[in-house]
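Note sheet for the following structure.
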Amino acid sequence: MFDAQSIHLKALDSADLDRLRGVLNMICREADQPLRAPATQKIAALLISLYRHGVTDEDKLLSVSRRALAQRRIDNTTAVSDPVRQLEAE
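Residues 1 to 90, numbered by UniProt numbering, are exactly what the sequence shown covers, in order.
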């Protein structure tokens, strides 16, 4: 069943995915992480969630991704449960 919030999420097209892939590739290079690493996959999911919630600015996406990756390194058990709330905290 759909909740009220999911109905209003932005669908992603190929241009959106290319843009997100570019951000993720940059994060992978900076962190020296392979694209298929578990931490990278979690960052990819975070990026998609943020983008679908309307966060399309590349600098914001990079900033939140870097912060989430750094947090994962500090505490591997910490998960980003609400990416929108994390962005608002910036």
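No residue lacks a Cβ here, since even glycine has one placed at the ideal position from N, Cα and C.
Residue burial classification, residue i (beta-carbon count within 10 angstroms, cutoff 16)
i: Ala68; result: buried
i: Phe2; result: At Phe2 the pLDDT is 46, less than 50, meaning the model places this residue with poor confidence; the figure from the coordinates comes in the next sentence. With fewer than 16 Cβ atoms within 10 Å of its Cβ, Phe2 is classed as exposed.
i: Arg72; result: buried
i: Leu17; result: exposed
i: Leu24; result: buried
i: Ser63; result: exposed
Backbone secondary structure at residue i - three-state DSSP
i: Asp13; result: coil
i: Arg52; result: helix
i: Ala45; result: helix
i: Leu69; result: helix
Among the options, nearest to residue i - alpha-carbon criterion
i: Lys60; options: Lys10, Ile27, Thr40 and Pro34; result: Ile27
query: Are the segment 39-59 and the segment 15-29 touching by the rule of at least three beta carbon pairs closer than 8 Å?
result: Yes: the two stretches touch, three or more of their Cβ pairs being nearer than 8 Å.
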